[in-house]
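Visitor: The structure that follows is given in the form of structure tokens.
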Amino acid sequence: MCFPASVPDWNNLEVLHRNTLPPRAHFYLYADETKALTFDRSQSQYKSLNGLWKFRWDSSPFEAPDWETVDPAIWNDIKVPGMWQLQGYGKPQYTNVNYPFPVDPPNVPFLNETGSYWREFQVPEDWKSQQVRIRFEGVDSAFHLWINNCPVGYSQGSRNPSEFDITPFLIDNINTISVRVYKYCDGTYLESQDQWWLSGIFRDVYLVPFLSSSITNYKVVTEVDDTYENAILKTEVKVQGPKGELNVKLLAPDGEVIKEKDGNSGDAISIPIKPHLWSAEDPYLYKLIISFGKRVISQRVGFRRIERKGSNFLVNGRPIIFYGVNRHEHHPLFGRAVPYDAMRSDLVLMKQHNINSIRTSHQPNDPRFYDVCDELGFYVIAEADLETHGFDPPEREKIHDPTLTGLDLQEIVFKAAAKWTTDNPEWRDAYVDRIEQLVERYKNHSSVIFWSLGNEAFYGRNFAQMYQWVKAADPTRLVHYEGDRDGVSTDLYSVMYPTIEEMLKSISEKPDRPLILCEYGHAMGNSPGGLKEYIAAFREEGLLQGGFIWEWCNHGLLTEKDGTSFYAYGGDFGDYPNDGDFVMDGLVFSDHSPTPALSDYKEAIAPVTVVIDDNQICIRNHYDFVDLDHLSCHWSILQDGLSSDLVEIDLPSIPAGRTCAVDAPFKPKDVTREEWLNLEFRLKNDTSWASKGHIVTSAQVQISATDRPQLLTTPISVGLACKERQNRLIISSDDLGTELSFDMVRGNLTWKTDSGRILQKGPELSIYRAVTQNDMGFGGDAQYWDKFYLNMIETHVRKVNWKRDGDTIIITAHVRIAPPILEWAIDATLTYTIYSSGIDIRAAGTFSGNYPKSLPRLGLTMSLVDSFDSCTWFGRGPGESYRDKKEGNKMGHYSSAVADLFTNYEYPQENGNRTDTRWVILKSEAAGLSVKATMTSPFNFTARHYPNQALDEAKHPHELHPVKETILHLDYDQNGLGSGSCGPGPREPYKLMSGQFDFTTSLRLTKE
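If you read the sequence shown in this note's numbering, its first letter stands for residue 107, the second for the next number, and so on.
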């Protein structure tokens, strides 16, 4: 005797599917042309099995019930589509790389969560003479199927469809369907993508009837000639049953018949046409009707040609640039069971932010996603459901040579990791099955221009087999795979997270084909910085054809603990192993609202840019195909922060890729004012993704700079008295009712008036900011800064001098700013010039000892009392901005409540900075007081109710508790952000390097 008696299908590499039908294109069958042209599946021959099913959860397949001995009708309900971990069974688990079980392919543990699904259904009366199929669009990770307790088959491949002929198992009246889903199977070794481990029937389940003589598959190819003016539409079908007459009809978008042709179902039918070509910028779709017997299929068709010529890939004869994102399917409530409306909203938001391409990281998406991409206009890299990153850690652990680092170590690890499956011929069929499922399903979509063989699965012979299969099945598209560094099984080079210098080096060493960045700009938390330099390189270097930001959305799961709702990440469910907050790395938050980074990316990739040259506005069209006739242009002048009314410019027709000069409708003023030209480019008409008037991009160019000093004018100072009291200097003005107290032991100030207190504490020299997720990442500086105890810096007073100078009091404090334990320090002199209604603070210093070579920030920090809760400033806004992340925020005059300056990142961190500030005013309505601050040069400010320590310690927003006072940071400079969470840190020009400094800050008090 032996247990188990045979190898379970879910642990058997030789069993990928049992009794599944061959992969096919995704389509619906309609009874007539009118219904087909609705493109509404509810009008087709279709019966949905979505909804409530009965469900039972077991910890192992061996503990799951025998269908013959249970009554599933008494089980609990579960929603389909859905993930069972998000409906009260098991728990979500997040890993980035690691397999969540021992590495022993093809085996997965016997303790393998199992979900048993059951429901009843009836077959429509008019289907009973037809073949009835059941189709599962996605089941994670594998399943067996029974109809009326009769075993039907098995399938695996979580994000691929499975289709079965269930006709022999059906009975009249009520039928039952039973599905047993396994959390893991041998195929799970090919699914170690960076996402939550979630299980269940997570996409549509439905029945479709096929006549005895019916189309079962079809392929549509648009062959565009070398002039890109003529094309042939080729349609090929596969049928079951006898061949017969096939009718193919091509219609314009408005339904007008362009051409119609009859032929035999065994032959390809060709229709010549002079097409309006499809592109992401102009997604022109024809309607195709294919009629065979009593059934009709409809397909939207875009004519376009994809090719590689020389060292570029071309769309319709032109090299394009990907301004893309990586998109996982994720919803904060439903996981990978993303509702259609949520998916469409994502894509509309992308279009509104100038994104033109999507990589379906790292698996096929819901079929309706590709329909929307065709319609709205996106270039899609369609990726197979294949990643084996989890073989990296066990191989890396075997290497004990400390001299092996970086790329040398990676090469050895990757070669060893590939031997598990990628370069193992026993896994060939499993690999080829995944690309075949992808290509067959989505081959008729215009938006799909590349097939991607997978992600982070190293390289070996099985990828060569996949490439050969694709090229034989679909020579009309290019093939992408980043893991093939030598370009054997890919048509272009692809890299992840390079520096700009590494990117440029790569194209110089390998100039034979184009390079894309399949992942870059890791958007984790307050990130990414430095995008505009990448975009500039894409536009300047012909071999660089763009990239895809990692990634679109944070993957937080909305959960509740102790009555508090929050977005959870790895570890929040007691899941182990886990990779924590690394799943929170998107351009949109978990609720899919934009992060500040999305507006920055929108402007960095703007399709229109502007420069001023010799009193002319030079407008550059960065589109690849369309002119600017669909946009209107409106201008205004910003003068010392105040804007004139918008006026429309007569914009000439500017072809794609061209620049046109327009006479400036203004003359620069004298240099006593700072002036900026604002330009807005707006849609002239409604589109499918935005309404008329939507701002595609807003440009801002400085046209005159002031030569005035940035500091505020010296206020009148009268009646100042100064006395020493218990180690404090008390400076007061009876005329204005102000009092300033300087603590000569601690080196800080308090400031009050007869209307109330102003300064609770400070100003103090500050060099530390709360760390960002970038700072803590692979390319960040947090670990480096930790070595110098920057978060423990304290001010130690060495000597204080004071004197009267006319109507002012001058206090000079000599301080040493240093951490405990270490010997390095900043030796600084802080000079306070005190007026009746203001203070000038000059900070000058040098570094000594073994000091850090870079700093998070350099400036002054102070605490204002809690009533100072409104803010007005002239600088960049309205959102947060940093040295290397400011494209989405323009110079202007802005106002906000202090609380609204805070960006509530789902992992708390440094946030809310405003850069290039000229002045800022904090106002207390209660006290009738305002404090205005400025510096000798443009500066940064942050105003919030959270100290750095709180931001560093909290792991979720609900763990933050605001303090009453307003903490104001006035920074002479700040370190950039970069994307060091998984990529390079800030570029050198954006780093704040330690060195001698000297700056002056002015604070002025105004009574309302």
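We put the CB at the ideal spot given by N, CA and C, even for glycine.
Quantities reported herein were computed from a predicted structural model and do not represent experimental measurements.
If you run the structure through DSSP and keep just helix, strand and coil, what is residue 1054?
Guide: Helix.
Visitor: Leaving aside the five residues before and after residue 931 along the sequence, list all residues of the same chain whose C-beta is less than 7 Å from its C-beta, in chain order.
Guide: Closer than 7 Å at Cβ, skipping near neighbours: 922, 923, 924, 954 and 955.
Visitor: Helix, strand or coil for residue 906 per DSSP?
Guide: The answer is strand: DSSP assigns residue 906 an E or B state.
Visitor: Quick one: what's got a C-beta closer than 6 Å to residue 291's C-beta in the same chain, skipping five residues either side?
Guide: So the qualifying residues of the chain are 116, 247, 248 and 262.
Visitor: What does a CB cutoff of less than 7 Å around residue 575 pick up in its chain, not counting 5 residues either side in sequence?
Guide: Result list for residue 575: 538, 541 and 542, in chain order.
Visitor: May I ask you to report which of helix, strand or coil DSSP gives residue 296?
Guide: In this structure, residue 296 counts as helix in the three-state DSSP scheme.
Visitor: Looking at the structure shown, is residue 1049 part of a helix, part of a strand, or coil, going by DSSP?
Guide: Residue state, collapsed to three classes: strand.
Visitor: Using only the alpha-carbon positions, how far apart do residue 722 and residue 461 sit?
Guide: Cα to Cα, the separation comes out at about 29 Å.
Visitor: Drop a sphere of 10 angstroms on the beta-carbon of residue 962, count the other beta-carbons inside from all chains shown, and report buried for 16 or more, exposed for fewer.
Guide: Label assigned to residue 962: buried.
Visitor: What separation, rounded to the nearest whole angstrom, lies between the Cα atoms of residue 1017 and residue 174?
Guide: Residue 1017 and residue 174: Cα-Cα distance of roughly 59 Å.
Visitor: Using 8 Å as the threshold, is the C-beta distance between residue 1064 and residue 965 below it?
Guide: No, Cβ-Cβ distance for residue 1064 and residue 965 is not below 8 Å.
Visitor: Give me the Cα-Cα distance between residue 747 and residue 606, rounded to the nearest whole angstrom.
Guide: Residue 747 and residue 606: Cα-Cα distance of roughly 34 Å.
Visitor: Once DSSP output is grouped into helix, strand and coil, what is the label at residue 732?
Guide: Of the three classes helix, strand and coil, the one that applies to residue 732 here is coil, per DSSP.
Visitor: Looking at residue 698 and residue 724, is the spacing between their C-beta atoms short of 8 Å?
Guide: No, they are not a contact pair.
Visitor: Considering Cα atoms alone, identify which of 609, 504, 1094 and 188 is closest to residue 960.
Guide: Closest by alpha carbon: 1094.
Visitor: Return the chain-ordered list of same chain residues with a C-beta closer than 6 Å to the C-beta of residue 984, the five sequence neighbours on each side being excluded.
Guide: The residues are 1000.
Visitor: Which class does residue 253 belong to by DSSP, given the choice of helix, strand or coil?
Guide: Looking at residue 253 - three-state DSSP - the assignment turns out to be strand.
Visitor: Which full runs of the beta strand (DSSP E) of 3+ residues lie inside the segment 778 to 810, going along the chain?
Guide: Runs found: 781 to 789 and 801 to 810.
Visitor: Using a threshold of 8 Å, state whether the C-beta atoms of residue 260 and residue 167 are closer than that.
Guide: Their beta carbons are not under 8 Å apart, which means residue 260 does not touch residue 167 by this criterion.
Visitor: Once DSSP output is grouped into helix, strand and coil, what is the label at residue 426?
Guide: Residue 426: coil per DSSP, three-state reduction.
Visitor: Suppose you measure from the CA of residue 883 to the CA of residue 855; what does that come to, to the nearest Å?
Guide: Rounded to whole angstroms, residue 883 to residue 855 spans 37 Å at the Cα level.
Visitor: Within a Cβ cutoff of 6 Å, which residues of the same chain sit near residue 162, ignoring the five residues on either side of it in sequence?
Guide: For residue 162, where only same-chain residues beyond five positions count, the Cβ hits under 6 Å are 181 and 222.
Visitor: On a Cα-Cα basis, can you pick out the residue from 301, 625, 212 and 156 that is closest to residue 121?
Guide: When only C-alpha atoms are compared, the closest one is 212.
Visitor: In the DSSP assignment, find the unbroken beta strand (DSSP E) run with residue 313 in it and report its ends.
Guide: Per DSSP, residue 313 belongs to the beta strand (DSSP E) from 311 to 316.
Visitor: Which residue from 328, 839, 131 and 1014 puts its Cα closest to that of residue 672?
Guide: Nearest C-alpha to residue 672: 1014.
Visitor: Would a C-beta distance cut-off of 8 Å place residue 1049 and residue 1007 closer than the cut-off?
Guide: Yes; because the gap between Cβ atoms is below 8 Å, this pair is in contact.
Visitor: How far does the alpha helix (DSSP H) with residue 613 in it extend, from its first residue to its last?
Guide: Residue 613 -> alpha helix (DSSP H) spans 606 to 615.
Visitor: Does DSSP put residue 502 in a helix, a strand or coil?
Guide: Three-state DSSP puts residue 502 in a helix.
Visitor: Count the other C-beta atoms from every protein chain shown that fall within 10 angstroms of the C-beta of residue 154, then say buried if there are 16 or more, exposed otherwise.
Guide: With fewer than 16 other Cβ atoms within 10 Å, it is exposed.
Visitor: In angstroms with no decimal places, state the Cα-to-Cα distance between residue 623 and residue 654.
Guide: Those two C-alpha atoms are separated by around 6 Å.
Visitor: Please state whether DSSP places residue 543 in a helix, a strand or coil.
Guide: The answer is helix: DSSP assigns residue 543 an H, G or I state.
Visitor: Once DSSP output is grouped into helix, strand and coil, what is the label at residue 121?
Guide: Residue 121 falls in the coil class under three-state DSSP.
Visitor: Pull the bridge partners of residue 652 from the DSSP assignment, please.
Guide: According to DSSP, residue 652 bridges with 428.
Visitor: What residue from 578, 718 and 1062 has the CA that sits closest to residue 677's CA?
Guide: Closest by alpha carbon: 1062.
Visitor: Quick one: residues in its chain with C-beta nearer than 6 Å to the C-beta of residue 1107, no 5 flanking neighbours on either side, listed in chain order?
Guide: Once the five neighbours on either side are set aside, the close Cβ partners of residue 1107 are 947, 966, 1041 and 1076.
Visitor: Helix, strand or coil: how does DSSP classify residue 1008 here?
Guide: Coil at residue 1008, not helix or strand.
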